[in-house]
Amino acid sequence: MRTNILEALGNSLLSVEKPARYVGGEYAIIRKPEDTRFRIALSFPDLYEIGMSNYSIRILYSMLNALEDVACERIFVPAPDFEELLNRKKLPLFSLENASPVRDFDILAFTVGYELSATSILSVLDMGGVPLRRVDRGPGDPIVVAGGSALTNPAPFSNFLDAVFIGEAEQVWSELIERLRDAKSKGAGRRELLELVHQHPNIWYPGKSEKTSRAVWQGFGCNPFFQKFPLPGMSAVQDHGVVEIMRGCPNGCRFCHAGVVYRPHREKDIDIIMEEAEHLFHKYGYREITLSSLSTGDYSQLQSLVDRLTARFSDRQVSFSLPSLRVNSFTLPILNRISEVRKSGLTFAVETPELAGQLSINKEVPAERIIEILNAAKKFGWRSAKFYFMIGLPQDSESTPQAIIDYLEEIRKKTGVRIHLTVNTFIPKPHTPFQRSYQLSEEKALNTIHSIRNGLNRKLYKFGYHSPFASILEGLISRGGERVGGIIEKAYYAGARLDAWEEYLDRDLWRKILQEESWDPISEVSRPRSADEVLPWDSIDMGVRKSYLEAEYRRAEKGELTDPCKQLCRHNCGACDDEKGIDLAHPALKDKPENKVQPGENTRKFKRFLFSFTKEGPSRFLSHKNLVSVFQRLFTRQEIPVQYTQGFNPKPKLEFAHPLSLGVSSYHEVAMIFLEESFEPREFSRLCNTSMPEGMRISSGTFFDFPQGVKSVMSYYHGSDYELKVRRNFAETHAREIENLFSPHLDTPLEKEEYIVFRFFYPDGKADVKGINRLLRSSFTDNLEEFKLTRIKTYFRSEHPDSVPVSLPGSSSGP
525 MRTNILEALG NSLLSVEKPA RYVGGEYAII RKPEDTRFRI ALSFPDLYEI
575 GMSNYSIRIL YSMLNALEDV ACERIFVPAP DFEELLNRKK LPLFSLENAS
625 PVRDFDILAF TVGYELSATS ILSVLDMGGV PLRRVDRGPG DPIVVAGGSA
675 LTNPAPFSNF LDAVFIGEAE QVWSELIERL RDAKSKGAGR RELLELVHQH
725 PNIWYPGKSE KTSRAVWQGF GCNPFFQKFP LPGMSAVQDH GVVEIMRGCP
775 NGCRFCHAGV VYRPHREKDI DIIMEEAEHL FHKYGYREIT LSSLSTGDYS
825 QLQSLVDRLT ARFSDRQVSF SLPSLRVNSF TLPILNRISE VRKSGLTFAV
875 ETPELAGQLS INKEVPAERI IEILNAAKKF GWRSAKFYFM IGLPQDSEST
925 PQAIIDYLEE IRKKTGVRIH LTVNTFIPKP HTPFQRSYQL SEEKALNTIH
975 SIRNGLNRKL YKFGYHSPFA SILEGLISRG GERVGGIIEK AYYAGARLDA
1025 WEEYLDRDLW RKILQEESWD PISEVSRPRS ADEVLPWDSI DMGVRKSYLE
1075 AEYRRAEKGE LTDPCKQLCR HNCGACDDEK GIDLAHPALK DKPENKVQPG
1125 ENTRKFKRFL FSFTKEGPSR FLSHKNLVSV FQRLFTRQEI PVQYTQGFNP
1175 KPKLEFAHPL SLGVSSYHEV AMIFLEESFE PREFSRLCNT SMPEGMRISS
1225 GTFFDFPQGV KSVMSYYHGS DYELKVRRNF AETHAREIEN LFSPHLDTPL
1275 EKEEYIVFRF FYPDGKADVK GINRLLRSSF TDNLEEFKLT RIKTYFRSEH
1325 PDSVPVSLPG SSSGP
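Taking the working numbering, the leading residue of the sequence shown gets 525, the next gets one more, and so forth.
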């Protein structure tokens, strides 16, 4: 099926933005046969570059593909231009591994982290040929299951989802899939399989009579997680490695939904984290790794961990970032250590500026402490910082906007750093102490935002804010009941797509849908809920007692702090019991000595090394920027001894002779690196070819001295032989136009049964175009699938301008 669908799309992929989103073929892709016994389509309902950044999908993909006779393949949401192309071609949405239509899988599983992914879920269903409504599905349709932090109130999705998994998927999800696989092998059909799904205690479904409990994986810190997940060819939004060092958070911020979803907090031991970091370096070539958690600074062994990581990896040009650091967890030694290789940003999620508000949300962030941190950070080279605030919190007042301005001005004047400010509207979330609170209206939110922006000197601050209208929609889905599902469906059919993206969110469309309702959705989302009101999410047991949430709300009203969770705490929230509880990392008795660069390492001698490679199949849709990243990570994970640039962000010295435009295949690309002169050229090819994306392969390589006066491989480029393969009917109709484009360099065309093949030499600098493919696309925009362009051979200028051009020794002219 993969070949058929991709062939049907062909060069028409060049008509859409970022075609690499849709072709797969990445390094480390797991492709099992299409006749595997049990098949799961796994979707993060957003664009490829967002979904490939998501940590949950990495866990699920690795975990499910590790099961015997189970195949897991990825599905992402098509951008509007690709959706239009699929509709025009009458093709269904398909997986990246085998290009299998969504409807051909046994299960379609969504992991949902954001409520505004609602219409994107419907897009995947509809474009994949699966009925939107669960009641309309039959024996030939997949079971549609979803999980994730955005579904702790599943009511608005009840029309669309057959089942919702509540909690953490590790272990219990694998066990469920194995039971389903075995049942299918014994002849169970869709109805029987769905009954098995509904029997699971962590599964919610419409009409279920008892509460659904949350799954908690107490084995989080016991064993390393070695991800087996494709490395994105095109850049993902979060394009770095991730090690989850702690799950959950001890702090109990009263507005925080994730703090409830992942209680109790659990830590990994340092040795396990070191193993995972080594895996990301050696298997994937990541040189930027995030130490992830809801509150990284609260990891109990953070200083020892940073020391160990820096000692082992700094000489390998690997840097680590520490997001979610609270001001009370910043220390100067940590700040100094993480800045040794490259500096990540400094971010402060203050939320609210006044002490009364900070006590109310259970999060103290004194300006004096931030000033102290920033003045220390300046000594290590930091010159800017990001600040996040929320408006509309329960204890906010009319003075809050001015308090935010005063708070920031004090910091700026006493530190001199440039401040990047982002303001978000507070959204009361289910299962939190503020779940019944009022949500600020769009009009009031905008007035508050404008008041803050107008009170700051725009030359001194970079200001941004999250759309208050988007926050209203998020609140509607977050706290709405079943009837909100009808609004989502109407919006989808009216054209709503990718609402999580500012550029795609159609406010007028949504406003029209909301105004057409017989009830008032906007007022419903904004109003406070009474203490005795039944909530749409009361059927979900997140493990935190309702009485505890009510007590925390009363403490918020009084401005009383609650101590962080600890192993012997007396909060009695309900998250800990005999089977699950807080798990802290064990202190390192003695830091282990780490491997250091041997003496004389910095005196190694490097020489120019030219190598040629192919770029075909899925790889031809990688941009030049993507290609640079592919090689940088390739050299890192294979530990190719290349020379790095100097400065803030060291990278391998890499140069290409003549980068191709998007969509052009090549049998003979040429690039140059500086390689340690003692390294064996054949070893370079062998190592690289064991871990390249599909369609790329090193053909040859050699140490090479440029002629005198030549400073770069690009300036040494002379031209290339190309092959233009055109469908016979199109070629015959447009023969004169093709000849005019490339004359006088065109050879006599070769006629084949279905195609006519034109071969020509195209010199560097010919015509006022930046690439032949761009010329073809501009000439034959509506007929892109009629031709395929391939570079056959690359030539360099010889030492003497009048002599014959030369090609790289050992190069091939293709198949």
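A virtual CB, placed ideally from N, CA and C, is assigned to each residue, including glycine.
Distance, Cα to Cα, residue i vs residue j?
i: cysteine 719; j: glutamate 799; result: According to the sequence as given, residue 719 is glutamate; it is not cysteine. The straight-line gap from Cα to Cα measures roughly 40 Å.
i: glutamate 592; j: proline 557; result: 12 Å
i: isoleucine 581; j: glutamate 692; result: 12 Å
i: valine 830; j: histidine 1110; result: 15 Å
i: lysine 1070; j: valine 1058; result: 12 Å
i: leucine 571; j: isoleucine 1046; result: 28 Å
i: aspartate 665; j: phenylalanine 1180; result: 48 Å
i: valine 1237; j: aspartate 1288; result: 13 Å
i: alanine 880; j: cysteine 1089; result: 22 Å
i: valine 1234; j: tyrosine 1240; result: 7 Å
i: glycine 809; j: glutamate 791; result: 25 Å
i: alanine 630; j: lysine 613; result: Going by the sequence as given, residue 630 is aspartate instead of alanine. Going by the C-alpha atoms only, they are around 25 Å apart.
i: cysteine 596; j: leucine 584; result: 9 Å
i: glutamate 933; j: isoleucine 976; result: 12 Å
Pop quiz: residue i and residue j are said to be a contact at Cβ under 8 Å. What is the actual Cβ separation, rounded to whole angstroms?
i: threonine 560; j: arginine 811; result: Actually they do not touch by this definition, with Cβ atoms about 35 Å apart.
i: alanine 739; j: isoleucine 667; result: That belief does not hold up - the Cβ atoms of alanine 739 and isoleucine 667 are roughly 18 Å apart, past 8 Å.
i: glycine 979; j: proline 925; result: 7 Å
i: aspartate 1030; j: lysine 735; result: Rounded, the Cβ-Cβ distance is 37 Å, inconsistent with contact.
i: asparagine 589; j: isoleucine 554; result: 5 Å
i: alanine 1147; j: proline 1217; result: As written in the sequence, residue 1147 is serine, which differs from the alanine given in the question. Rounded, the Cβ-Cβ distance is 13 Å, inconsistent with contact.
Indicate whether at least one CB of chain C lies closer than 9 Å to the CB of residue i.
i: proline 557; result: Looking at the structure shown, chain C is missing, and only one protein chain is on hand.
According to DSSP, is residue i part of a helix, a strand, or is it coil?
i: glutamate 597; result: strand
i: proline 625; result: strand
i: methionine 914; result: strand
i: lysine 708; result: helix
i: leucine 656; result: coil
i: isoleucine 554; result: coil
i: aspartate 822; result: helix
i: valine 1008; result: helix
i: serine 1244; result: strand
i: glutamate 1256; result: helix
i: tyrosine 1017; result: helix
i: threonine 924; result: helix
i: asparagine 948; result: strand
i: arginine 563; result: strand
i: aspartate 1107; result: strand
i: threonine 1160; result: helix
i: glutamate 768; result: strand
i: arginine 1031; result: helix
Check whether the Cβ atoms of residue i and residue j sit closer than 9 Å, and answer yes or no.
i: valine 1188; j: arginine 1051; result: no
i: serine 1136; j: histidine 1192; result: yes
i: valine 1154; j: tyrosine 551; result: yes
i: leucine 1134; j: phenylalanine 1228; result: yes
i: histidine 789; j: isoleucine 1106; result: yes
i: isoleucine 928; j: arginine 936; result: no
i: asparagine 852; j: glutamate 888; result: yes
i: arginine 714; j: phenylalanine 684; result: no
i: proline 954; j: tryptophan 1061; result: yes
i: arginine 1206; j: threonine 1138; result: no
i: phenylalanine 911; j: threonine 939; result: no
i: phenylalanine 913; j: valine 941; result: no
i: isoleucine 813; j: histidine 764; result: yes
i: isoleucine 574; j: alanine 1015; result: no
i: alanine 909; j: alanine 901; result: yes
i: serine 838; j: leucine 815; result: no
i: serine 539; j: aspartate 605; result: yes
i: phenylalanine 600; j: glycine 652; result: no
i: histidine 724; j: valine 696; result: yes
Any 3 or more C-beta pairs closer than 8 Å across the segment 748-768 and the segment 696-708: no
Does the contact criterion of 3 or more C-beta pairs under 8 Å hold for the segment 819-829 versus the segment 1161-1177? no
Tell me whether the segment 669-681 and the segment 998-1015 touch, counting them as touching only if at least three CB pairs, one residue from each stretch, are closer than 8 Å. yes
Is the segment 1271-1286 close to the segment 1242-1258, with three or more CB pairs under 8 Å? yes
Would you check if there are 3 or more beta carbon pairs closer than 8 Å linking the segment 960-975 to the segment 986-1000? yes
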